[in-house]
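For the sequence shown, this note's numbering begins at 16 and goes up steadily by one. Yeah, the Cβ is synthetic: ideal placement off N, Cα and C, and Gly gets one too. Notes follow the structure.
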Amino acid sequence: MQISVLDTAQDVADQAAGLLIAQVENKPDSVLGLATGRTMEAVYQAVVARAAHRFGHARSFNLDEYVGLAPSNTASFHHYMTTHFLMHLSPSMINATIPDGQAQDLDAEARAYEHSIESAGGIDFQLLGIGVNGHIGFNEPGTPFSSKTRVETLAHATRRANAPQFASPTDVPTHALTMGIGTILGARKCVLLATGGQKAAAVARMVEGAASTDCPASCLQLHADAHVILDKAAAGALRRPV
Ligand code: F6R
16 MQISVLDTAQ DVADQAAGLL IAQVENKPDS VLGLATGRTM EAVYQAVVAR AAHRFGHARS
76 FNLDEYVGLA PSNTASFHHY MTTHFLMHLS PSMINATIPD GQAQDLDAEA RAYEHSIESA
136 GGIDFQLLGI GVNGHIGFNE PGTPFSSKTR VETLAHATRR ANAPQFASPT DVPTHALTMG
196 IGTILGARKC VLLATGGQKA AAVARMVEGA ASTDCPASCL QLHADAHVIL DKAAAGALRR
256 PV
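This is how it looks when you write it as structure tokens:
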């Protein structure tokens, strides 16, 4: 695991944007694994400002989507990706795939999603955030490292953290479709970003704890090309200097 600690959250976003842009410059038809969430907003903003025209040949798969939300729902990850990234690309990157949280048969949708990633040749570059409980994608603590795309029950901590995106905390869905940890570990490169002191404890467990399903993000210790980019606040609970 390669770890960088930068001064500010904006520095983290700029460095991640630079890595994403370099990826499509080196391989225009890259298969990208994309994430949503507050941490990623500044990343997409920086990518759009610097290189929106570079993504015409890339293909993307998002990590996750809430079960039951229509793409038009402003809290859905479909809506997030459209407004923060996809609508700003020129020429538009039509090859963006996001799990269908409204699928009639969610298990079949999960299997088909996994198959689509494999058919695309696997993910070249996976962007990741981390939850306060150490989740990646929506793989909550206890998820086996071999897991594939599937329906996950959201942890209480996750539903509470994501409640501000919904009109009421009770509107937060209880389930999501998510790539599995095995799916994520299958990516050729993983880049995880964390900013803010509220992520410091999860970051310390990911980096300095044992690789354990108690902290899903600790699986990255087992990945051959994982880069973790932190701001000073998110690195605040690390015991060993980076
Ligand atoms: C989002 C995702 C999640 C988030 C994580 C951090 O697609 O997979 O794992 O990356 O919950 O979210 P923020 O950045 O909102 O703190």
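Below-9 Å beta-carbon distance, residue i vs any chain D residue
i      : result
Ala111 : Absent here is chain D; the protein component of the structure consists of one chain.
CA nearest to the CA of residue i, picked from the options
i      : options                         : result
Ala57  : Asn41, His99, Asp139 and Leu21  : His99
Phe92  : Phe160, Ala226 and Gly152       : Gly152
Val206 : Leu21, Ala31, Ala24 and Ser162  : Ala31
Gln236 : Gly212, Ile196 and Lys214       : Ile196
Ala85  : His94, Asn77, Asp79 and Leu78   : His94
Ser134 : Gly157, Thr112 and Ala118       : Thr112
Ala217 : His150, Gly136, Arg69 and Val46 : His150
Arg65  : Leu35, Cys230 and Pro179        : Leu35
beta-carbon residue i near the ligand F6R non-hydrogen atom, thresh 8 Å
i      : result
Ile196 : no
His150 : yes
Leu143 : yes
Thr173 : yes
Asp79  : yes
Thr193 : yes
Gly116 : no
Phe153 : yes
Lys163 : no
Ala50  : yes
Cβ distance (whole Å) where residue i is taken to contact residue j below 8 Å
i      : j      : result
Leu121 : Leu49  : With a Cβ gap of about 20 Å, Leu121 and Leu49 do not count as contacting.
Glu124 : Pro114 : 6 Å
Val27  : Leu253 : Incorrect: roughly 15 Å between the Cβ atoms, too far for contact.
Assigned exposure category for residue i - 16 Cβ within 10 Å defines buried
i      : result
Asn41  : exposed
Asp139 : buried
Glu223 : exposed
Ala202 : buried
Residue i Cβ short of 8 Å to the ligand COA heavy atom set
i     : result
Arg53 : The model depicted lacks the ligand COA and carries the ligand F6R instead.
Report task. Tell me the start and end of each unbroken beta strand (DSSP E) in the region 195 to 226 that is at least 3 residues and wholly inside, in chain order. Result -> 204 to 209
**Report entry** Within the region 97 to 142, ranges of the alpha helix (DSSP H) (whole runs, at least 4 residues)
**Finding:** 121 to 134
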